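**Q** Residue numbers (our numbering): 19 to 419.
Ideal Cβ placement from N, Cα and C applies to all residues, glycine included.
Every value quoted in this text rests on a predicted model; they were computed, and no experiment measured them.
Quick one: structure below, then a few questions.
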Amino acid sequence: MKDIFKSVKLAPSDPILGLNEKFNSDNRLNKVNLGVGVYYDKDGRIPLMEAVCKSEAFLASKKLPRGYLPIDGISNYNKNAMKLLFGENSNKIEEGRALTVQTLGGTGALKIGADFLYQLLPNSKVLISNPSWENHRAIFEKSGFLVDTYPYYDPANNNIAFDRMLESLNTTASGTIVVLHACCHNPTGIDPTVKQWREIVETIKERNLIPFLDIAYQGFGDGLSEDAYVVRMFSDMDIPSFISSSFSKSFALYGERVGALTITTNNRDETNRALSQIKRLIRSNYSNPPTHGASIVNHVLSSDDLFEIWENELSDMRNRIKLMRKNLINKIGKHSSKKDFSFVLDQRGMFSYSGLTSHQVDILREQYGIYAVSSGRICVAALNDNNIDLVASSISQVLDK
């Protein structure tokens with residue numbers, strides 16, 4: 019059919035990756051990309067982590083064949099991903115009440131999980147936080163769900179709108195799927211307190227809701243075990259849960275698409291049946307996952323020496339982000355007194371919800387070459403000693419306009 023594409027409309031560019039395209043086409047020398055969620059080192063480069071390089075060298079020396087992986091991926095990788103979430107001695111793992119499959123990044127985990135949920139509960143609604151990662155809505159809508167939001171951020175107080183969030187969860191229908199950020203909320207960087215999390219978990223259990231935990235930044239908040247606290251809380255409460263996890267950030271393997279989908283069930287029989295359906299979904303989607311990235315991660319997680327190196331590197335990354343966050347606030351404070359940015363110090367992870375309006379973000383980009391998401395989210399992990407003064411002075415000048 020000659021005119022098959024005649025009615026195709028031009029789709030809008032992705033709000034984050036489209037911003038990256040604009041940045042790459044910008045010819046200004048003093049430009050800074052604070053839009054895409056990527057960790058850069060002190061020299062402004064995506065790091066080649068020592069643990070990753072050692073793992074790659076080991077794998078290369080083995081000259082392993084690149085045959086097809088099983089549909090659910092590398093078995094030991096899945097076990098290691100599960101241990102990171104639940105801990106070494108988890109009853110869930112020992113009793114067969116959890117499954118993990120290797121996926122194409124955290125996004126792939128979300129999509130496979132969403133497709134499976136739509137098979138089970140096509141009439142259920144999905145709730146995502148307001149605001150949330152831009153792709154959450156698109157993923158669940160493409161799976162067929164009606165997607166709505168629950169209150170999360172209170173701009174007046176630069177904090178969680180906890181009472182309104184809890185009210186929303188208490189009034190939503192039984193069987194609603196609730197997407198939660200397990201740590202380092204994207205885009206706000208604001209996480210509930212331990213006490214608030216307990217109330218959220220109890221409400222979800224009482225209301226018979228289905229939690230879908232997105233944990234893309236494990237290790238960037240307080241540490242690997244500390245950041246898995248919420249996942250383990252749901253597990254301890256025996257609430258069947260869906261969990262999407264990613265190693266893109268924590269291993270700086272963005273282009274390798276290394277993720278995992280984990281599902282907790284009530285018993286081993288449910289686990290086996292759920293896994294069989296998940297594998298059918300994967301088979302009809304991408305058949306099986308790639309080898310390289312997951313093999314790197316698996317070897318690091320399987321080696322005590324490499325794991326220690328990796329955990330120390332991750333700690334250094336986390337601490338550098340915290341330092342950049344602190345330095346940015348101090349430098350903005352020296353330049354401008356029109357806005358108190360101290361609230362940013364309480365935010366965790368790679369991002370900061372700056373409070374800048376979309377108009378101010380446009381000015382930053384057009385006049386100063388500072389790229390940020392229209393919501394005002396900036397990637398603190400992209401700051402370094404070479405660009406932080408430019409960013410701070412530019413933000414201050416925009417605030418003073």
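Can tyrosine 157 and tyrosine 170 be called in contact, C-beta distance under 8 Å?
**A** At residue 157 the sequence reads isoleucine, which differs from the tyrosine that was named. Contact flag unset, no.
**Q** My output table needs one value for histidine 199: the three-state DSSP class, helix, strand or coil.
**A** Of the three classes helix, strand and coil, the one that applies to histidine 199 here is strand, per DSSP.
**Q** How is leucine 227 classed by DSSP in three states: helix, strand or coil?
**A** coil
**Q** Determine the burial state of glycine 123: buried for a count of at least 16 other Cβ atoms within 10 Å of its Cβ, exposed for fewer.
**A** Per the 10 Å Cβ criterion, buried.
**Q** Is any beta-carbon of chain C found at less than 8 Å from that of glutamate 220?
**A** Among the chains of the structure shown, chain C does not appear; only one protein chain is present.
**Q** Measure the C-alpha to C-alpha separation of aspartate 209 and tyrosine 247 and round it to an integer number of angstroms.
**A** 12 Å
**Q** Taking only the alpha-carbon atoms, compute the straight-line gap between alanine 270 and isoleucine 233 and give it to the nearest angstrom.
**A** 15 Å
**Q** Sorted by chain position, which residues of the same chain lie with C-beta nearer than 8 Å to threonine 283's C-beta, five sequence neighbours on each side aside?
**A** Arg115, Ala116, Leu117, Pro258, Thr289 and Ala292
**Q** Along the chain, which unbroken stretches of the beta strand (DSSP E) at least 3 residues long are found entirely within the stretch 350–377?
**A** 369–371
**Q** Could you give the DSSP three-state label for glutamate 122: helix, strand or coil?
**A** Looking at the sequence provided, one finds leucine at residue 122 rather than glutamate. Three-state DSSP puts leucine 122 in a strand.
**Q** Note down the Cα distance separating asparagine 330 from leucine 139, rounded to an integer number of angstroms.
**A** 42 Å
**Q** Just verifying my parser: in three-state terms, what is the DSSP assignment at valine 165?
**A** DSSP, read as helix, strand or coil, puts valine 165 in strand.
**Q** Ignore the nearest five residues each way along the sequence and tell me which others in serine 73's own chain have a CB closer than 7 Å to its CB.
**A** Ile314, His317, Val318 and Leu324
**Q** Rounded to whole angstroms, what is the Cα-Cα separation between phenylalanine 104 and alanine 69?
**A** 23 Å
**Q** Would you mind sorting lysine 129 into buried or exposed? The rule is 16 or more other CB atoms within 10 Å of its CB.
**A** buried
**Q** For serine 263, write down the residues that DSSP places opposite it in a beta bridge.
**A** According to DSSP, serine 263 bridges with Ile233 and Ala278.
**Q** With a threshold of 8 Å, are at least 3 pairs of Cβ atoms found where one atom belongs to the stretch 365–378 and the other to the stretch 93–109?
**A** no
**Q** Can you round the beta-carbon distance between alanine 278 and asparagine 96 to whole angstroms, since I take them to be within the 8 Å contact cut?
**A** 7 Å
**Q** Taking the straight line between their C-alpha atoms, what separation do you get for asparagine 148 and glutamate 112?
**A** 37 Å
**Q** Determine the DSSP secondary structure at lysine 419, reduced to helix, strand or coil.
**A** coil
**Q** Work out the CA separation of asparagine 337 and alanine 174 for me, nearest whole Å.
**A** 28 Å
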